[in-house]
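2 protein chains.
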Amino acid sequence: MYTIGIDLGGTNIAVGLCDESFKIIDKGSVPTLAKRDSELIVKDMAELSLKIIERNSLTPSDIAYVGIAAPGSINANTGVVEYSNNIQMKNFPLVEIFKKYFPAEKVYIANDANAAALGEALAGAAKGAPTSVMITLGTGVGGGIVIDGRIFAGGVNCAGAELGHTVIEAGGRQCSCGRRGCWEAYSSASALLAMTREKMHELSLKGIHSQLFDEEKKDGKVSARTSFNAMKKGDIYAKQIVEKYIEYLAIGITNMINVFQPHVLIIGGGVCNEKEYLTVPLNKIISREQYTRDNPNKTKVVTATLGNDAGIIGAAGLGL
Amino acid sequence: MYTIGIDLGGTNIAVGLCDESFKIIDKGSVPTLAKRDSELIVKDMAELSLKIIERNSLTPSDIAYVGIAAPGSINANTGVVEYSNNIQMKNFPLVEIFKKYFPAEKVYIANDANAAALGEALAGAAKGAPTSVMITLGTGVGGGIVIDGRIFAGGVNCAGAELGHTVIEAGGRQCSCGRRGCWEAYSSASALLAMTREKMHELSLKGIHSQLFDEEKKDGKVSARTSFNAMKKGDIYAKQIVEKYIEYLAIGITNMINVFQPHVLIIGGGVCNEKEYLTVPLNKIISREQYTRDNPNKTKVVTATLGNDAGIIGAAGLGL
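Quick mapping for you: the protein sequence lines, in order, are chains A and B.
First residue of the first sequence: 1, per our numbering; consecutive thereafter.
First residue of the second sequence: 1001, per our numbering; consecutive thereafter.
#1: I'd like to know whether the C-beta of K1239(B) is nearer than 8 Å to at least one C-beta of chain A.
#2: Against P71(A), what residues of chain B qualify as contacts under a CB-to-CB distance less than 7 Å, listed in chain order?
#3: In its own chain, which residues sit with a C-beta less than 6 Å from the C-beta of I285(A), not counting the 5 before and 5 after it?
#4: How would you list, in chain order, the residues of chain B whose beta-carbon sits under 8 Å from the beta-carbon of K90(A)?
#5: For E247(A), which residues from the same chain have a beta carbon less than 8 Å from its beta carbon, with the 5 sequence-adjacent residues on both sides left out?
#6: Using a Cβ-Cβ distance under 8 Å, would E1184(B) count as near chain A?
#7: Pick helix, strand or coil for I409(A), following the three-state DSSP scheme.
#8: Kindly identify the DSSP beta-bridge partner or partners of R150(A).
#9: What residues in the region 1244-1271 of chain B have a beta carbon less than 9 Å from any beta carbon of chain A?
#10: Between which two residues does the alpha helix (DSSP H) harbouring S176(A) extend?
#11: Report the start-end ranges of each alpha helix (DSSP H) in the region 215-245 of chain A that is 4 residues or longer and not cut off at the edges.
#12: Just to confirm the assignment: which complete alpha helix (DSSP H) runs, minimum length 4, are found wholly within the region 45-111 of chain A?
#13: For Y1065(B), decide whether its Cβ has a neighbour in chain A, counting only Cβ atoms nearer than 8 Å.
#14: Pull the bridge partners of C1018(B) from the DSSP assignment, please.
#15: Helix, strand or coil for K298(A)? Go by DSSP, reduced to three states.
#16: What residue range is occupied by the uninterrupted alpha helix (DSSP H) comprising T1136(B)?
#17: Just to confirm, are A1159(B) and S1061(B) a CB contact at a threshold of 8 Å?
#18: Does any residue of chain B have a CB that is nearer than 8 Å to the CB of P281(A)?
#19: Give me the chain B residues within the contact set of K298(A), using Cβ-Cβ distance strictly less than 8 Å, ordered along the chain.
#20: Is the Cβ-Cβ distance between G67(A) and A315(A) less than 8 Å?
#21: Determine the chain B residues that contact A161(A) at a beta-carbon separation under 7 Å, and present them in chain order.
#22: How is the beta strand (DSSP E) around I266(A) delimited, first residue to last?
#23: Hey, is the region 1275-1295 of chain B in contact with the region 1205-1222 of chain B, meaning 3+ C-beta pairs nearer than 8 Å?
#24: Look at the alpha carbon of V302(A) and the alpha carbon of T292(A), and state the distance between them as a whole number of angstroms.
#25: Counting only the same chain and skipping the five closest in sequence on each side, list residues whose C-beta sits under 6 Å from that of G1142(B).
#26: Could you name the residues that DSSP lists as bridge partners for V1030(B)?
#27: Taking DSSP as the reference, what is the three-state secondary structure of V1156(B)?
Below is the structure:
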């Protein structure tokens, strides 16, 4: 049997046809056009799925189930998107509407960060690990928890795993969620960008030259990559930024290890492309700071391997 | 059928005979005498269990299983106490030794904070709630996680749920675990005591009188209760201490709500005797700060109801 995994993003709808080992056999995407009527978005999700099924000489009856990863607060039990900022849905019965356009009995839905965590657990960096935690460093710090091979999305509602919204510095930086000092305000790619801009502003006021400015010129902008790139060329100020960033990241990761002791903790999002420049210093701090530093059984901290496919694959695994 | 729940503490061994609804029918205790040979401690645990069974006109064959709650790092799979400071055990096969002295096929073991959380979930403050998180405010901040009615003790090892060892103030107060700024360093009963002493020292240097000193005189010592008692009598300095304490406590609890969204979050330990003096201001902060402030389904934050029996009852439920 095959499954369909759909990753509904703010920009694109990505659909993958997966086999039983969660390999993507075929995939495609269409623009989300997020501002239009939600039903039209769902219709496109269904039509793209049907098109991919057909071009692989299959029919919907060959599909065991469809899984959908969607941004925002998702009620996996009712199939309702309770709230999503990115795609402007509010209490929208996405699963019910999807079934209007796609002949499937079993349609599952989950939050996209949770689905990505499941994807990495099924076929990526945490393959074979019963328990894993994934953090995604992007605009925010997304979180996904997999316990005994299943997503844990929260108890009283499906809005748990907001790992980025745990305070690591009481009274600290303002977070978008309204609290002060959230991990997200220190460890998101946006936070790294802000720290880089701050340092560059400071340096430029003092008339100090840094490779950071050369990187900005080369790329035409300052990004979350700027400080890593300048550091790799030996820039001391860039090194300070990266070290500070990794220090905060290590605090939050160590917190999650002390809570979950997962087999694997996966770092996803653009920043994880820095690979060993990120993980080597990070693991040095974590191995010193974690509660179980003397326990031979420890969490492996690794970068994600599935990239943008994690959502599709996780969605395709929701029916397990 | 009946079960035996044993709570092995640093001071006392408490044993309870429980019925199927986790009511304690009979219980007893003997001193742990923690510094003696560990096998003698386990022998006493077995003998007290047998005595209680006998005095209720039962035999060991009437006991479905025995559950043991023990302090420290417990491997629930192997029955080994990997490390415990309180009772000086290291890689000690407690379950195996217990079976030498007690004729039971099924003997389960768990960390005491985890067992207490299960106890409150089975018969206490979280009865009927599938998912709950318990924190115990004592010398430290202990944690226990119950998901779908079962203890979650960690993935790669059984040393998870160290909720007190999550940093809430980067670079903050020194914690006993070696990190700086752990929740435990702000929200344990010991931390409240330290904050009270600090404030009293400051006031006494300034020659300012406070009800805090009267409470000290009355009780013969400063304790974690001193500031709450003085506050209840209208003392402004005591109020400042309590407010600061509750502010930090709310940060950690809100973090755990954002991660787990448990049906119930239970506060145990001596401090929870302050009941609404603790929970009313606490809930005010949490309801403002939590990520799901607009979600109708929210975590209930309550104080524990089983007191010292939580460990016995949780132990008695380990075989479920």
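Where is the CB? At the ideal position from N, CA and C, for every residue including glycine.
It should be emphasised that the depicted structure is a prediction, and the values quoted were computed from it without experimental measurement.
In terms of the structure at hand:
#1: For the purposes of this step, residue 1239(B) is taken as the residue at position 239 of the second sequence. Closer than 8 Å: no.
#2: Looking up residue 71(A) in the first sequence gives position 71. Those within 7 Å of P71(A) in chain B number zero; the least Cβ separation is about 15 Å.
#3: The residue you call residue 285(A) lines up with position 285 of the first sequence. Contacts found: A250.
#4: Counted from its first residue, the first sequence places residue 90(A) at position 90. Residues of chain B passing the Cβ test: none, with the nearest at roughly 11 Å.
#5: Residue numbering aside, residue 247(A) sits at position 247 when the first sequence is read from its first letter. Spatial neighbours of E247(A) in its own chain (CB-CB distance under 8 Å, excluding positions within 5 residues in sequence) are listed in chain order as I285.
#6: As a working note, residue 1184(B) is residue 184 in the second sequence. Cβ-Cβ to chain A under 8 Å: no for E1184(B).
#7: The requested residue 409(A) does not occur in the structure, where chain A is confined to residues 1 to 320.
#8: To locate residue 150(A), count along the first sequence from 1; it is residue 150. I147(A).
#9: Those residues of the region 1244-1271 of chain B that come within reach of chain A (Cβ to Cβ, closer than 9 Å) are E1247, Y1248, I1251, G1252, T1254, N1255, M1256, I1257, N1258, V1259, F1260, Q1261, P1262, H1263 and V1264.
#10: Working through the first sequence from its first residue, we reach residue 176(A) at position 176. Annotation: S176(A) is outside any alpha helix (DSSP H) and is labelled neither H nor E by DSSP.
#11: If we require 4 residues or more, the alpha helix (DSSP H) runs fully inside the region 215-245 of chain A come out as 226-232.
#12: Counting only runs of 4+ residues, the alpha helix (DSSP H) found wholly inside the region 45-111 of chain A occupies 94-101, in chain order.
#13: On the second sequence, position 65 is the one that residue 1065(B) refers to. Chain A, which has no Cβ nearer than 8 Å to the Cβ of Y1065(B), makes this no.
#14: Residue mapping note: residue 1018(B) aligns to position 18 of the second sequence, counting from 1. Looking at the DSSP output, C1018(B) shares a beta bridge with T1003(B) and I1024(B).
#15: Reading the first sequence from its first residue, position 298 is the one you call residue 298(A). Secondary structure of K298(A) (DSSP, three-state): coil.
#16: Translated into positions along the second sequence, residue 1136(B) becomes position 136. That residue, T1136(B), is in no alpha helix (DSSP H); its beta strand (DSSP E) goes S1132 to L1137.
#17: If you number the second sequence from 1, residue 1159(B) lands on position 159. If you number the second sequence from 1, residue 1061(B) lands on position 61. Contact: no.
#18: As a first step, residue 281(A) must be located in the first sequence, where it is residue number 281. It does not; no Cβ of chain B falls within 8 Å.
#19: By 1-based counting over the first sequence, the position of residue 298(A) is 298. Against chain B, a Cβ distance below 8 Å from K298(A) picks out V1156 and N1157.
#20: Counting from 1 along the first sequence, the entry for residue 67(A) is found at position 67. Counting from 1 along the first sequence, the entry for residue 315(A) is found at position 315. Contact: yes.
#21: If you number the first sequence from 1, residue 161(A) lands on position 161. Neighbours of A161(A) on chain B, chain order: V1259.
#22: By 1-based counting over the first sequence, the position of residue 266(A) is 266. If you look at I266(A), you'll find it in the beta strand (DSSP E) that goes V264 to G268.
#23: At 8 Å Cβ cutoff, the stretches do not touch.
#24: Stepping through the first sequence from its first residue, residue 302(A) is reached at position 302. Stepping through the first sequence from its first residue, residue 292(A) is reached at position 292. Computed Cα separation, rounded: 18 Å.
#25: Position 142 of the second sequence holds residue 1142(B). If we look at G1142(B) and ignore the five residues flanking it on each side, its Cβ neighbours are A1113 and T1136.
#26: Sequence index remark: in the second sequence, residue 1030(B) carries index 30 (1-based). Bridge partners of V1030(B): I1013(B).
#27: The sequence position of residue 1156(B) within the second sequence is 156, counting from 1. DSSP places V1156(B) outside both helix and strand once states are collapsed to three, so it counts as coil.
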